[in-house]
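Structure first, then comments.
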Amino acid sequence: MGDRFDDGDLTQPLEGAAESSAAEGGTSPAVGRDEWVARDEERRARRGGWVGTVETRLGVVPWWAWLTLFVALVCLLPVGVENGYVRRVAFDTVIFMLLALGLNVVVGWGGLLDLGYIAFFGIGAYAYAFMASDQFDLHFPTPIVILLVTLVGGLAGFLVGLPSRRLTGDYLAIVTLFFFQAFLTLTNNGDDVFGHNVTNGPNGILDLDELSLFGTTIPRTTSQGQFGVGYLYVALAVFVIVYVALRLLNDSRTGRAWRSLREDALAAEVMGMPVNWLKLMAFAFGAATAALTGTLAASLNGSVFPQDFEFPLLIAVYTMVILGGAGSQAGVVLGAILVSVLLEVLREPGDSRALFYGVLLLGLLAILKPSLRLAVVLVGTIGLGLVARVVAQAVDERWTSGVAAGGGRLAGWAADWVIVPETLAGWVAPVAYLTMIGAVLVLTLVDGWARIVLLVPTLYLAAFVWENVMLAKPEPTRYAILGAILVATMVARPYGILGEKRVEIV
Amino acid sequence: MDTFIQLTLNGLTLGSVYALIALGYSLVYGILKLLNFAHGDVFTVGSFIGFGALQLLGGSTDPVVPLWLLLVTITVAAMAGCAALGVVIERFAYRPLRDAPRIAPLISALGVSFFLAYSLQLLFGAEQRDYDAFSMGEGVLFFEGFDIGNVRVPLLRIVIIVSAFALMVMLWLLVNRTRTGKAMKATSYDREAAAMMGIDIDRVIVFAFVLGSALAGAAGVLFALRAPTFASLGFIIGLKGFTAAVIGGIGSIPGAMAGGLILGFAEAYTQGYVSTRWSDLFVFVILIAFMVFRPQGLFGKADIRKV
């Protein structure tokens, strides 16, 4: 149902004409060949210089070699790192990678928007809790539980997909979102279902069994109370199995059918594909992966609570898939690592400050390249900051006498450059924040030197907001950033970091 | 009987607010075929703008202007702020994706929604904001009014219901009686054909966002007059507004109104006669039932796709 004409062509003929002639300047479309495709192939052609050579060489390495290398590196991590916190973050990251792989089946391959995905993760965790704790006095052996939970998850996905199978993407999204809400309502109020206590409500289910494989129980914590590293290896093993299984699935007949479904469901149906069945399959596979992951998370935490499965988690997993590149398994794994580390670093003001300025510098370097413009921007921003701070100090001592959050040398530097008032008047935060967002949005509209000139105050304003508003509240900051990443990725690079660009021919 | 009247009144108040939100979804969906997830958060922003305006005007106990002007001002401020927000969202988050695959703007909308909700929390905290309508004009909003049987209908509810319906009638007139409204209908029916007839599609789309977001802003203030507002309120309210739009038939204005009222009544009666805990679940069941048995809603036309 796509538009055969670009609206701009009709309403603003001059602009449209300029665009198409500029495009034709690069490649002249051959007869019988779609101009769009021609342009796109041009863009995907090998880059020149050593970058292109390296890219081509790396492109030859098969996927399983990458996977082996990656897994080997993660396996070595506990050898080098004694820190229980880092190991725990590594485990959480593997969990996120699994979640992203599962969502990739639904969103990336199936092209379906499943907003109830985290509910399946929750169902897996609760199913594990029911089958391996004192809640119903059941203590099944781990392999049976894992098998059952995966089946239950797949079945749940199938059932949720069932009423929505006739519906288009948007309705599916809303049905699954409501299903998610229903799951939360059920778990929160499940301590009184017609007088029976099923889920123990907001208090959650505690004291779940530890995993036990081949006759040995894997301890949750070491004797020093540190993270039990056995769980990392179990999660990693599950990750490899799921990765390979899904990879093979994607190369199979079903995988190809999914892709055709995603590109054009109507055309697929006309070709005689069982569209509804395929959609349900994608749903079920995604849900089964999520449920399996839920088992792992629950068994390590030793408890499940309804608040472990809320909306922010869903957005986090979506950001991983979209940022990494929906449809590409390696991409979503990369996305999971990036987002998971990002969320972890943003917890602590000192670390997140380093990340903030680092990302700003790298971003500037990547966009402006080492050039005169970059130098102008950097010098201008630093100069503006120093001047602004001196002026502020001259006006009122208290405007600059605040202490930058966190600590360390970087905090000291930041406080010498950015205006950090002792107390922030109530109106300053909203005004500065809104101005910053406005400035960033305007930046995307202007070009050339106007952009460079505007960039300087925008950067300083961003630093001001970061030091005074965002560092003080890590929790909302983390999630606001996730939302911004989602929108920015969708608008600027909808195929993510590693995803393959889709050619849409209408 | 008294309980029934009271619950009907609750349903009517709640339903008129839902209907306002549903109209915003319907307007945008009708024209862009886009499910604007951020709409619920625009509603929250509206309630926060209203709160800010209320504080600027001296707070609810001792405002610098008469009560009626106070209410009108905060509503208009919220509507204007939200309309501007709607324009910005459309320009930067949706317009670049207008010809992308269907799933792209949906994900972008999800990001906008999340960004708005957590930006509010970042700037204003997670705590609840209360308009304290009870203190306005020494309680006149609660003590004035009339009785139906033994049930008191306070002025506050009359204000909410009447203003919601007044806005809906204005919207209806705007869409059905003006040239811009005609352009919107034409665009909704067939965007390409409308463009070929000389309609400026971009303007129509922006206008739909302005109208929808302004209504969400008004709904935010009307809702917050009765219940406290908080940063993450928009999620569940937006979900219900969308459900109302689907029940009525998404894209249809009378449908959104009917859907909002049905949902309001359903929720009020469930809370009164069954249980408050499960009322959200009940709403969910209604939605599923509609999607399975009548996906085009009460007033919608079945979507037949021509290739």
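Chains as they are written, first to last, in the numbering used here: chain A, 1 to 506; chain B, 1001 to 1307. Heads up, the beta-carbon is just placed ideally off N, CA and C, and yes, glycines get one too.
Counting the other CB atoms within 10 Å of its CB gives F194 of chain A a total below 16, which places it among the exposed residues. Under DSSP, P1154 of chain B takes part in a beta bridge, and its partners are B:G1145. At a Cβ-Cβ threshold of 8 angstroms, S212 of chain A and I205 of chain A do not count as neighbours. The beta carbons of M1184 of chain B and F1207 of chain B sit about 7 angstroms from each other, so the pair counts as a contact at 8 angstroms.
For A290 of chain A, the CB contacts under 7 angstroms within the same chain, skipping 5 residues up- and downstream, are L99, G102, Y117, F120, F121, G124, G153 in chain order. Rounded to the nearest angstrom, the gap between the Cα atoms of V317 of chain A and V1088 of chain B is 26 angstroms. H1039 of chain B is bridged by DSSP to nothing; it lacks a bridge partner.
Scanning the stretch 1063-1090 of chain B for uninterrupted alpha helix (DSSP H) segments of 4 residues or longer gives 1067-1089, listed from N- to C-terminal end.
Between L455 of chain A and P370 of chain A, the alpha-carbon positions lie close to 16 angstroms from each other. Check the Cα spacing between G1300 of chain B and each of B:W1278, B:G1272, B:A1268, B:A1256: the tightest is with B:A1256. Straight-line measurement puts the Cα of I382 of chain A at about 13 angstroms from the Cα of A415 of chain A. For K473 of chain A, the closest Cβ of chain B is nearer than 8 angstroms. Under a criterion of Cβ atoms nearer than 7 angstroms, the residues of chain B adjacent to T477 of chain A are, in order, L1122.
Taking 8 angstroms as the CB threshold, G1111 of chain B lines the interface with chain A. Contacts between L1056 of chain B and chain A, judged by CB atoms closer than 8 angstroms, are missing: the closest CB pair is about 10 angstroms apart. Here DSSP, grouped into helix, strand and coil, assigns V193 of chain A to strand. In this structure, DSSP gives F183 of chain A a helical state, which the three-state scheme calls helix. Beta-bridge partners of I205 of chain A (DSSP): A:V304. Beta-bridge partners of L213 of chain A (DSSP): A:T216. Counted as a single uninterrupted DSSP element, the alpha helix (DSSP H) harbouring Y1189 of chain B occupies residues 1179-1189. If the five residues before and after R398 of chain A are omitted, its C-beta is found closer than 8 angstroms to the C-beta atoms of P421, E422, T423, all from its own chain and listed in chain order.
Shortest Cα-Cα distance from T1243 of chain B to any of B:D1062, B:F1004, B:L1298 involves B:L1298. Only buried fits T458 of chain A, as 16 or more other CB atoms lie within 10 angstroms of its CB. The beta carbon of I322 of chain A sits closer than 8 angstroms to some beta carbon of chain B. Take A1193 of chain B, set aside five residues on each side of it, and no residue of its chain has a beta-carbon closer than 6 angstroms to its own. DSSP lists A:T221 as the beta-bridge partner residues of F227 of chain A. Taking all protein chains shown into account, E1090 of chain B has 16 or more neighbouring C-beta atoms within 10 Å of its C-beta and is therefore buried.
Here the C-alpha atom of T1075 of chain B lies approximately 20 angstroms from the C-alpha atom of P1154 of chain B. With respect to the 8 angstroms criterion, V106 of chain A and L112 of chain A are classified as neighbours on the basis of their beta carbons. Annotated three-state conformation of R493 of chain A is coil, per DSSP. For V234 of chain A, the CB contacts under 8 angstroms within the same chain, skipping 5 residues up- and downstream, are L211, L213, I218, L296 in chain order.
Beta-bridge annotation (DSSP): T1229 of chain B is paired with B:R1129.
Within its own chain, the residues whose Cβ lies closer than 7 angstroms to the Cβ of S299 of chain A, once the five positions on either side in sequence are excluded, are Y128, L208, E210, L211, listed in chain order. Under the Cβ criterion of 8 angstroms, F1235 of chain B is counted among the residues facing chain A. Chain B places a beta carbon closer than 8 angstroms to that of P430 of chain A, counting this residue as a contact. Using a CB distance cut-off of 8 angstroms, V332 of chain A does not count as an interface residue toward chain B.
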